[in-house]
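Chains as they are written, first to last, in the numbering used here: chain W, -15 to 587; chain U, 3 to 467. From the three backbone atoms N, C-alpha and C, an ideal C-beta is built for every residue, glycine too.
Encoded structure:
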């Protein structure tokens, strides 16, 4: 309805010189934007890498080191426990990635054709936007010896009057890290996969194949693995690799949940960069290079695993076996899903309890007093951090959104997708461990005497926001029915008019979703804010992480909850708008009906 | 059509916001450069103040009154530029200290129109590495750190790489209230002479706190009763840990509280040694002093670690995390350098009500913490004004109040007027606070080289298991 109106109004206006100028400007901007997008992503990352590479090989003029050498790497090799650090980083990322992948598949397989899939998606969705730090804090609250689980079981089951000294968290095997990473990455992977499946054409094809498999007597889970999975795995690969890369180099999770004798490599690198002994920076830079190789080898291992699985399972795809104990597995998955949701709910409830708790001695499952002083004192201090979070998020997201839309428009106008090289570049900041290039980036910013802290931080956030915004918008934009644009063009509409008045309104909801996602990603950035901002810009996330290791569980619970609420507000705004839009549509339909009724009656 | 309008509106709003921000930040950076471009006026003021301070030292009492000529001179706007900002890089892990710094910011805004910004660090070394990064990028004038809260190894490190401004401390009129001629500790940081690179701010000694597991002490039980079961010296600590496995731990080096504990153990374990051997602790480490003084510490720790929380396989990152463990009831014994933190934490429900503070009978490690100005600070003149205010009677007395921070003053209170001395008197005691009657045997800080050695050797022995 509205589109029809638009094309009519387009037709009525004569072309002016002014609009011509605007058109040429627009087409130049559009032509230029993919290059700008690539430059914005590639320059800081490569520059940052260079800024780490030079010190790694011994070049650090500030310490009067101007000779290239392998000292840093020698020091690195001699570090006590370096093998454990590497092992911990490697295995915790592989295992957590694998777990998240398997659980995603099991959930999909068990609930592929049931309304529960949408419900689980809605339940896990909020976790996607919870920053890693807040999630780690919540999980730590749950599994510590004085945490919710121990409190619920004590003293009636365990007999503990005071917390028992058990392994979790901070266990030397990285179990806590794996738990945290798995829980955090699972929703991401699930939602990315569901998003990919939701593409109309693919969805119809998958549903059809699934139904055929069912009608041939395959049990549901088996049907999913044999008929659906081979089609969707290629779509899961990229998010999967992003998860693995992130997990291998993440700092927040291992910092809050992991061991420290020794810690993971990424945490150790961060400590070395911040050490009093300034000469450790050379070792830290070498460590960052090592981290890069570890991340690459994690990705390579995943690729090997993929090939191996393919080789082993390709025959069983066509062996005709209809079930592999489907009913048993289905029960197991049901129980597991219940446990999973219970675990998450308990973590959240525990955190809410702590944020309102007065004295709360150990075996008690509920606080002795309820007070609001933690919220009061936090809310007094949190205003500036919230404003900073919001403004950085808005700037980074807007730039990302505009660049993405223009780049996609370029694609559309030229009728070709971005080159393979460019699509890889877009994922560069997700694949290269941020710890490897952020320190170099800070050094570069120092070198060019860049003083605008706010812009620097916003640009650093842009590096991480842009890929996600692009990911979430690209599919919808590419699926846009091009016939509308063709009709508009044939009626004489200029490209800019088509872009502004046709494409964008049609994409309102995806744009909204992308901006909410962008905001959420920006809110959760810890290392970029801390390093690039030099501590001058406090956001809710930097405050929450520094308080996570602080003295008060209660205050850190408050900050973690605020951290969760911020993106939640963004998403609920989107939800409100979408509801309004739906209502308007319904209204329009109703009006149409009434109108046709009236015309009928009049006749 | 409303969708189109909504979209246009959003885009318009975002663009406006974007440009507004671009504009404000760029204009801000211009303002900074403009301020820095007038170094002549700044240096003139400094020379003037130097000449004046020498006379000031003699007439201490005149200085204290707020309307003395120098104080008004310090506050004049022209010398500082318009509305200068001072970025104070200070550890931000304690809400009490943070709100004290907020109070400082409010006061210097009122008095001198200076915007004091607290940059909250998780570790002071972050500021050290920032200044270093600036030096390596040849940023010698526009440094982002104007003032830093520092002592010990961080100071030694910054002094070694010449990252600090020198000789400015004597310019501060209020510095002379600390009576540095009589009180040598004010110009020595962990044994190193400060050479006018840092001004004293406060002092503290290592205080332990204890919470009995089960509520054995009745509400009326006396102070002595409630700490009867707590260890009182280093050897009792070991036996106590053996009897209460998993109920004590200490943070991991290089955390400063961790090193304080290790240094306390090092000093007290070597107390039986002859004086010339012991004096090795207060000089740079040599191979010989290392061989005579260290082994006893490692034997002690080897015995202690199996009885620590998590069997000594995980060490908390900081003193604040240690306090959280006590608060959760996971351990029963903790220690801190800011004794006033304990009652404050009880008030905020972060420690149980039956927490009691005490000092070890065999000695308590004591040190002074300082404030320093990096060599390349963009707003060093304003930073000096702030530092001077931090040493004022008003700010120091406020800081010493247990409800505010409880950090001991560095001023020589006996030299102050009767009225001013009253400001420093002690209020009503909290049951969890360290009793005023506690006898503190102060142990001086060893030479900073010991901290570096302890960190390295500890990490080698226990850092990777």
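In the three-state reduction of the DSSP assignment, residue 212 of chain U falls in the strand class. In the DSSP assignment, residue 379 of chain U is bridged to U:145. Among the residues of chain U, none has a CB under 9 Å from the CB of residue 221 of chain W; the nearest is roughly 33 Å distant. Residue contact with chain W for residue 394 of chain U: absent (no Cβ-Cβ distance below 8 Å to any residue of chain W). Ranked by Cα distance from residue 361 of chain W, the options W:541, W:11 and W:226 are led by W:541. Taking one beta carbon from each stretch, the region 363 to 376 of chain W and the region 474 to 489 of chain W have fewer than 3 pairs nearer than 8 Å; the two do not touch.
If you check the CB distance, residue 130 of chain U and residue 159 of chain U come in under 8 Å. Cβ-Cβ distances below 6 Å link residue 122 of chain W to 331 and 335 in the same chain, with the five nearest sequence neighbours on each side left out; the list follows chain order. Inclusion of residue 237 of chain W and residue 124 of chain W in the CB contact set at 8 Å is not warranted, their separation being larger than that value. Within the region 427 to 447 of chain W, 427, 430, 431, 433, 435, 436, 438 and 439 place their CB atoms closer than 7 Å to a CB of chain U, listed in sequence order.
Taken atom to atom, the span from the alpha-carbon of residue 341 of chain W to that of residue 97 of chain U is near 18 Å. Residue W:512 holds the alpha-carbon nearest to the alpha-carbon of residue 32 of chain W among W:239, W:512, W:307 and W:398. For the 8 Å CB-CB criterion, residue 147 of chain W and residue 244 of chain U do not form a contact.
Residue-level contact check: residue 447 of chain U does not touch chain W, since none of the beta carbons of chain W fall below 8 Å from its beta carbon. Take residue 102 of chain U, set aside five residues on each side of it, and the residues of its chain with a beta-carbon closer than 8 Å to its own are 400, 401, 406 and 407, in chain order. For residue 202 of chain U, no alpha helix (DSSP H) run applies; the uninterrupted beta strand (DSSP E) run containing it begins and ends at 200 to 207, by DSSP. Residue range 264 to 301 is occupied by the alpha helix (DSSP H) that includes residue 271 of chain W, with no beta strand (DSSP E) assigned at that position. For residue 358 of chain U, the uninterrupted beta strand (DSSP E) run begins and ends at 358 to 360, by DSSP. Going by DSSP, residue 344 of chain U is part of no beta strand (DSSP E) but of the alpha helix (DSSP H) stretching over 343 to 349. The alpha-carbon of residue 419 of chain U is positioned some 20 Å away from that of residue 203 of chain U.
Within the region 106 to 133 of chain W, 128, 129, 130 and 131 place their CB atoms closer than 9 Å to a CB of chain U, listed in sequence order. With a 10 Å radius around the Cβ and a threshold of 16 neighbouring Cβ atoms, residue 224 of chain U comes out exposed.
Ranked by Cα distance from residue 302 of chain W, the first of W:202, W:353 and W:195 is W:202. The alpha-carbon of residue 221 of chain W is positioned some 19 Å away from that of residue 278 of chain W. Identification of chain W residues near residue 345 of chain U by a Cβ-Cβ cut-off of 7 Å yields none; the smallest Cβ-Cβ distance measures about 13 Å.
For a Cβ distance threshold of 8 Å, nothing in chain W lies close to residue 150 of chain U: the least Cβ distance comes to about 11 Å.
Secondary structure at residue 408 of chain W: helix, using DSSP grouped into helix, strand and coil. A residue is called buried when at least 16 other Cβ atoms come within 10 angstroms of its Cβ; residue 276 of chain U does not meet this threshold and is exposed. Annotated as proximal: residue 25 of chain W and residue 409 of chain W, with beta-carbon spacing under 8 Å. Residues 84, 85, 88, 220, 223, 224 and 227 of the same chain have their beta carbon placed closer than 8 Å to that of residue 173 of chain W, with the five preceding and five following residues left out of the count. Taking CB atoms only, residue 376 of chain U has no neighbour in chain W less than 8 Å away. Residue W:337 holds the alpha-carbon nearest to the alpha-carbon of residue 348 of chain W among W:185, W:356, W:337 and W:246.
Looking from the CA of residue 184 of chain W, the closest CA among W:462, W:98 and W:101 belongs to W:462. Scanning the region 1 to 66 of chain W for uninterrupted alpha helix (DSSP H) segments of 4 residues or longer gives 1 to 40 and 55 to 62, listed from N- to C-terminal end. Residue 554 of chain W is a Cβ neighbour of residue 500 of chain W, given a cutoff of 8 Å. Close to residue 245 of chain W, with beta-carbon spacing below 8 Å, are these residues of chain U in chain order: 254, 315, 316, 317, 464, 465, 466 and 467.
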